[in-house]
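Residue numbers (the numbering used here), protein chains in the order written: chain A, 131 to 560; chain B, 105 to 387.
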Amino acid sequence: MSARSAGSTGTVVPPALAATPGAGDWASVPTELGHFGRFGGRFVPEALMAALDELTAAYAEAIADPAFVAELDGLLASYAGRPTPVTEARRLTEHIGGARLLLKREDLAHTGSHKINNVLGQCLLTKRMGKTRVIAETGAGQHGVATATACALLGLECVVYMGEEDTRRQALNVARMRLLGAEVVPVASGSRTLKDAINEALRDWVATVERTHYCIGSVMGPHPFPMLVRDFQRIIGVEAREQVLALTGKLPDAVVACVGGGSNAMGIFHRFIPDTSVALIGCEAGGDGLATGRHAAAIAGGSSGVLHGMRSYFLQDDDGQTKVSHSISAGLDYPGIGPEHAWLHDTGRATYRVVDDTAAMDALALVARTEGILVAIESAHAFAGAFEVARELGPEATILVNCSGRGDKDVDTAARWFDLLDAPADGEAG
Amino acid sequence: MVVQGTRGRLADSFAAARKEGRSVLVGYLPAGYPTVDGAIAAMRAMVEAGVDVVEVGLPYSDPTMDGPVIQDAADAALRGGVSTADVLRTVEAVADTGAPTLVMTYWNPVERHGVERFAADLAAAGGAGVITPDLPPEEAGPWLDAAGAHGLDPVFLVAPSSTDERIRLVTSITGGFVYAASLMGVTGARQSVGAAAEGLVERVRAVTDLPVAVGLGVRDGGQAATVAAFADGVIVGSALVAALLEAERAGTGREAGLAAIRVLAADLAAGVRAAPAPAAATS
Numbered sequence: 131m132s133a134r135s136a137g138s139t140g141t142v143v144p145p146a147l148a149a150t151p152g153a154g155d156w157a158s159v160p161t162e163l164g165h166f167g168r169f170g171g172r173f174v175p176e177a178l179m180a181a182l183d184e185l186t187a188a189y190a191e192a193i194a195d196p197a198f199v200a201e202l203d204g205l206l207a208s209y210a211g212r213p214t215p216v217t218e219a220r221r222l223t224e225h226i227g228g229a230r231l232l233l234k235r236e237d238l239a240h241t242g243s244h245k246i247n248n249v250l251g252q253c254l255l256t257k258r259m260g261k262t263r264v265i266a267e268t269g270a271g272q273h274g275v276a277t278a279t280a281c282a283l284l285g286l287e288c289v290v291y292m293g294e295e296d297t298r299r300q301a302l303n304v305a306r307m308r309l310l311g312a313e314v315v316p317v318a319s320g321s322r323t324l325k326d327a328i329n330e331a332l333r334d335w336v337a338t339v340e341r342t343h344y345c346i347g348s349v350m351g352p353h354p355f356p357m358l359v360r361d362f363q364r365i366i367g368v369e370a371r372e373q374v375l376a377l378t379g380k381l382p383d384a385v386v387a388c389v390g391g392g393s394n395a396m397g398i399f400h401r402f403i404p405d406t407s408v409a410l411i412g413c414e415a416g417g418d419g420l421a422t423g424r425h426a427a428a429i430a431g432g433s434s435g436v437l438h439g440m441r442s443y444f445l446q447d448d449d450g451q452t453k454v455s456h457s458i459s460a461g462l463d464y465p466g467i468g469p470e471h472a473w474l475h476d477t478g479r480a481t482y483r484v485v486d487d488t489a490a491m492d493a494l495a496l497v498a499r500t501e502g503i504l505v506a507i508e509s510a511h512a513f514a515g516a517f518e519v520a521r522e523l524g525p526e527a528t529i530l531v532n533c534s535g536r537g538d539k540d541v542d543t544a545a546r547w548f549d550l551l552d553a554p555a556d557g558e559a560g
Numbered sequence: 105m106v107v108q109g110t111r112g113r114l115a116d117s118f119a120a121a122r123k124e125g126r127s128v129l130v131g132y133l134p135a136g137y138p139t140v141d142g143a144i145a146a147m148r149a150m151v152e153a154g155v156d157v158v159e160v161g162l163p164y165s166d167p168t169m170d171g172p173v174i175q176d177a178a179d180a181a182l183r184g185g186v187s188t189a190d191v192l193r194t195v196e197a198v199a200d201t202g203a204p205t206l207v208m209t210y211w212n213p214v215e216r217h218g219v220e221r222f223a224a225d226l227a228a229a230g231g232a233g234v235i236t237p238d239l240p241p242e243e244a245g246p247w248l249d250a251a252g253a254h255g256l257d258p259v260f261l262v263a264p265s266s267t268d269e270r271i272r273l274v275t276s277i278t279g280g281f282v283y284a285a286s287l288m289g290v291t292g293a294r295q296s297v298g299a300a301a302e303g304l305v306e307r308v309r310a311v312t313d314l315p316v317a318v319g320l321g322v323r324d325g326g327q328a329a330t331v332a333a334f335a336d337g338v339i340v341g342s343a344l345v346a347a348l349l350e351a352e353r354a355g356t357g358r359e360a361g362l363a364a365i366r367v368l369a370a371d372l373a374a375g376v377r378a379a380p381a382p383a384a385a386t387s
């Protein structure tokens with residue numbers, strides 16, 4: 131079933147932005163001040179408050195404007211390639227010997243991940259606000275590539291901040307962004323990864339806010355970003371719910387997604403939140419293992435705090451200094467999590483488990499061999515979590531896994547991990 | 105019996121400066137750079153050289169509102185192991201000079217320490233208040249309660265982009281003085297102070313009798329004089345930090361850093377005295 135037919139009310143509001151019918155309390159977050167329970171909010175310098183108010187107002191106007199909605203809906207269909215399919219993973223299911231596994235194929239969206247859904251929305255919003263320049267942070271490079279892509283399409287200037295460490299881990303994506311006309315700025319401060327790229331983007335934004343939009347790539351940051359990014363990503367779950375119903379005649383028993391900041395997970399979870407029979411399961415990056423302290427599991431191994439404009443769970447020490455996160459996946463290598471996930475965790479509506487590097491890489495290899503799908507290392511965390519859930523729930527159950535991105539960018543990392551190269555690789559350059 | 109901070113000392117400083125027909129000079133340095141004791145010595149040196157009010161920076165892992173100079177010093181301080189307890193010890197040593205002493209901090213370290221406990225500990229150390237640049241009024245309820253209970257001035261910021269409505273909101277909860285950011289950007293010395301500063305000060309004065317101090321971009325006595333002509337206070341941070349950084353990098357020894365601080369602080373102190381007192385401040 132097409133996502134475009136999912137909005138059954140006959141209005142012009144597209145499925146991506148339509149309110150969830152019967153959502154009840156779940157639809158009441160965030161509050162006007164951007165709170166999800168005790169999480170969220172706006173912890174930013176006063177200099178940015180006016181811009182956040184402007185963005186909040188512009189977004190509210192935009193989604194009430196049929197022309198904006200039609201333009202976004204059109205781009206999602208004709209440019210991003212939506213709806214993305216749901217694939218039944220028969221050989222993988224057989225191999226795992228548990229629940230039936232269905233894959234939502236965001237890896238087949240333009241630019242190779244779900245990130246395009248959000249950037250098309252935000253870049254259209256940028257033009258609507260009369261701004262000409264877009265900045266973004268990126269970890270694995272997927273959000274940076276998606277932003278560079280949308281900026282090229284819409285004629286916007288694009289600057290992407292990326293931790294120096296990540297520019298080395300994901301050199302191919304740096305080249306992709308530059309090919310797309312974006313300026314990539316390596317960030318050499320702090321841990322030189324995603325969190326420091328966000329710091330640098332915030333510094334840029336406060337000085338250039340009059341003509342610049344900060345296109346945040348996940349369901350994080352100050353209000354309205356967690357809400358706005360969620361809304362632009364919820365198309366994933368809206369489509370998938372229809373597709374699973376069409377395929378199996380019932381709702382899935384569980385929906386599993388990986389969580390860094392948490393945009394692909396919020397995207398696939400949100401439409402299912404009112405369906406209380408459906409377990410929502412997020413997989414945090416366990417790095418070398420939770421017990422080692424070298425991980426990126428903000429819920430399992432962190433505590434409540436404030437960073438990057440929001441209150442949520444973070445990895446931090448006793449003085450509130452942010453701890454450096456660790457994950458083989460650059461896209462999950464972030465010491466926090468979006469505030470709505472923190473809230474879903476506190477309320478118990480979603481549960482979060484930890485998948486370490488080894489389990490994720492094993493899953494990546496297994497999915498490649500059984501299904502012919504090379505998934506991103508980020509997404510491989512969701513698969514590893516889904517295998518556990520599949521065995522727990524047994525063969526009668528159905529699990530929807532968000533295959534959030536493709537793994538082309540990770541071939542180099544995987545080749546080293548599995549020792550797949552014949553000649554000794556240039557190990558020092560990794 | 106709750107230990108009270110030194111709230112009111114900021115108001116005294118501004119009132120005294122006004123009587124002298126000058127602006128207040130506020131100096132910022134981060135705790136723990138180059139060492140905890142080295143920072144205390146530098147802060148005491150700048151008070152001796154004419155700084156009226158001290159902002160003790162709490163070094164933070166993610167200083168999103170700071171430019172490279174303060175980032176570098178904060179990074180070095182954190183690598184050196186500076187803790188929140190060290191920051192409180194620094195406040196105590198600096199407040200001992202008699203200069204009203206504030207903490208300038210990102211919000212998370214306060215929340216992690218415990219909002220009430222931070223207020224109590226700072227009051228016990230003799231602190232006068234806290235500047236919280238990333239805590240908006242909308243989220244400040246618990247902090248205002250704690251600061252009020254412990255006799256601390258909660259200082260909030262306004263920016264050139266603040267609407268009049270937001271300026272009213274911010275000034276309604278601010279104590280001591282209003283921190284006016286001179287420009288849209290991060291901390292750092294600049295060639296000239298943002299032209300928006302004077303207009304912003306006027307807009308703040310329209311809604312409050314609180315003194316207004318201008319920060320961001322001031323680097324020398326000349327600029328301090330320019331700002332002092334229209335503001336009740338002049339806040340200097342990065343230029344002072346840069347003086348310490350340069351001495352450390354040149355390897356000229358701690359005394360050279362202190363000497364550089366004294367020279368710059370004296371120049372700035374002369375600057376705030378060179379300009380006629382801001383006309384609008386006398387009410």
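In this text, a Cβ means the ideal position worked out from N, Cα and C, and glycines have one as well.
Sequence-distant residues of its chain with Cβ nearer than 7 Å to residue i (five each side left out)
{"i": "A/Glu294", "result": "Pro316, Val317, Ala318 and Arg322"}
{"i": "B/Ala115", "result": "Gly280"}
{"i": "A/Pro151", "result": "Note that A/Pro151 scores 43 on pLDDT, short of 50, meaning its location in the model is unreliable; the coordinates nonetheless yield the value given after this. Answer for A/Pro151: no residue qualifies."}
{"i": "A/Ile500", "result": "Rather than Ile, the amino acid found at residue 500 of chain A in this sequence is Thr. Arg221, Leu222 and His225, listed in sequence order."}
Cβ-based neighbour list, residue i, same chain, cut-off 8 Å, excluding 5 preceding and 5 following
{"i": "A/Gly379", "result": "none"}
{"i": "A/Lys539", "result": "Gly242, Ala270, Gly271, Gln272, Gln300, Leu302, Asn303 and Ala506"}
{"i": "A/Gly391", "result": "Gly347, Ser348, Val349, Met350, Tyr464, Gly466, Ile467 and Gly468"}
Contact set for residue i: own chain, Cβ-Cβ below 6 Å, skip 5 residues either direction
{"i": "A/Ala187", "result": "none"}
{"i": "B/Pro167", "result": "Gln175 and Ala178"}
{"i": "A/Thr161", "result": "none"}
{"i": "A/Leu358", "result": "Tyr189"}
{"i": "A/Arg341", "result": "Lys261, Thr262 and Arg263"}
{"i": "B/Glu290", "result": "In the sequence as presented, Glu is not what sits at residue 290 of chain B; that position holds Val. Within the same chain, B/Val290 has close Cβ partners Met169, Asp170 and Gly171."}
{"i": "A/Ala559", "result": "Bear in mind that the predicted position of A/Ala559 carries a pLDDT of just 47, short of 50, making it unreliable; the figure below should be weighed with that in mind. Contacts found: none."}
Start and end residues, alpha helix (DSSP H) containing residue i
{"i": "B/Ser342", "result": "Ser342 to Ala354"}
{"i": "A/Pro215", "result": "No alpha helix (DSSP H) holds A/Pro215; DSSP gives it neither H nor E."}
{"i": "B/Glu152", "result": "Val140 to Glu152"}
{"i": "B/Pro246", "result": "Gly245 to Ala253"}
{"i": "B/Ser266", "result": "Premise fails: B/Ser266 is in no alpha helix (DSSP H) and is neither H nor E."}
{"i": "B/Arg358", "result": "Arg358 to Ala378"}
{"i": "B/Arg183", "result": "Pro172 to Arg183"}
{"i": "A/Gly204", "result": "Pro196 to Ser208"}
Status (buried if at least 16 other CB within 10 Å, exposed otherwise) for residue i
{"i": "A/Gly154", "result": "Because A/Gly154 carries a pLDDT of 46, less than 50, the predicted location of this residue cannot be relied on, and the following value inherits that uncertainty. The residue is exposed, with fewer than 16 neighbouring Cβ atoms inside 10 Å."}
{"i": "B/Gln295", "result": "exposed"}
{"i": "B/Gly161", "result": "buried"}
{"i": "B/Arg113", "result": "buried"}
{"i": "B/Asp190", "result": "buried"}
{"i": "A/Gln272", "result": "buried"}
{"i": "A/Ala200", "result": "exposed"}
{"i": "B/Leu368", "result": "buried"}
Supposed contact pair residue j and residue i - C-beta distance, whole angstroms, cut 8 Å
{"i": "A/Arg230", "j": "A/Thr223", "result": "5 Å"}
{"i": "B/Ala332", "j": "B/Arg122", "result": "Not a contact, Cβ separation roughly 12 Å."}
{"i": "B/Arg148", "j": "B/Val198", "result": "6 Å"}
Residue range of the unbroken beta strand (DSSP E) whose run includes residue i
{"i": "A/Ser509", "result": "It is not in any beta strand (DSSP E) - A/Ser509 instead sits in the alpha helix (DSSP H) that spans Ile507 to Leu523."}
{"i": "B/Val157", "result": "Val157 to Gly161"}
{"i": "B/Ala135", "result": "Run containing B/Ala135: none; DSSP gives neither H nor E here."}
{"i": "A/Ser319", "result": "Taken as a continuous stretch (DSSP letters only), A/Ser319 belongs to no beta strand (DSSP E), as it is neither H nor E."}
{"i": "A/Val374", "result": "It is not in any beta strand (DSSP E) - A/Val374 instead sits in the alpha helix (DSSP H) that spans Ile365 to Thr378."}
{"i": "A/Tyr482", "result": "Ala480 to Val485"}
Near the ligand GDP: residue i beta-carbon under 8 Å from a heavy atom
{"i": "A/Ala415", "result": "Within the structure as shown, the ligand GDP is missing, as the structure has no ligands at all."}
Under 8 Å, with one C-beta from each stretch per pair, do the segment 370-389 of chain A and the segment 294-307 of chain A reach the 3-pair mark? no
Under 8 Å: do the segment 359-367 of chain B and the segment 141-159 of chain B share three or more Cβ pairs, one atom per stretch? yes
Specify whether the segment 244-256 of chain B and the segment 302-309 of chain A touch according to this definition: at least 3 beta carbon pairs, one from each stretch, less than 8 Å apart. no
Quick one: any contact between the segment 343-359 of chain A and the segment 265-284 of chain A, if contact means 3 or more CB pairs under 8 Å? yes
Closer than 8 Å is the cut-off here; do at least three beta carbon pairs connect the segment 196-204 of chain A with the segment 165-185 of chain A? no
Is the segment 502-513 of chain A close to the segment 418-436 of chain A, with three or more CB pairs under 8 Å? no
Using 8 Å as the Cβ pair cut-off and three pairs as the minimum, do the segment 192-200 of chain A and the segment 465-474 of chain A touch? no
Using a Cβ distance threshold of 8 Å, determine whether the segment 228-237 of chain B contacts the segment 204-213 of chain B, with at least three qualifying pairs required. yes
Just checking, does the segment 349-359 of chain B make contact with the segment 320-331 of chain B on the three C-beta pairs under 8 Å criterion? no
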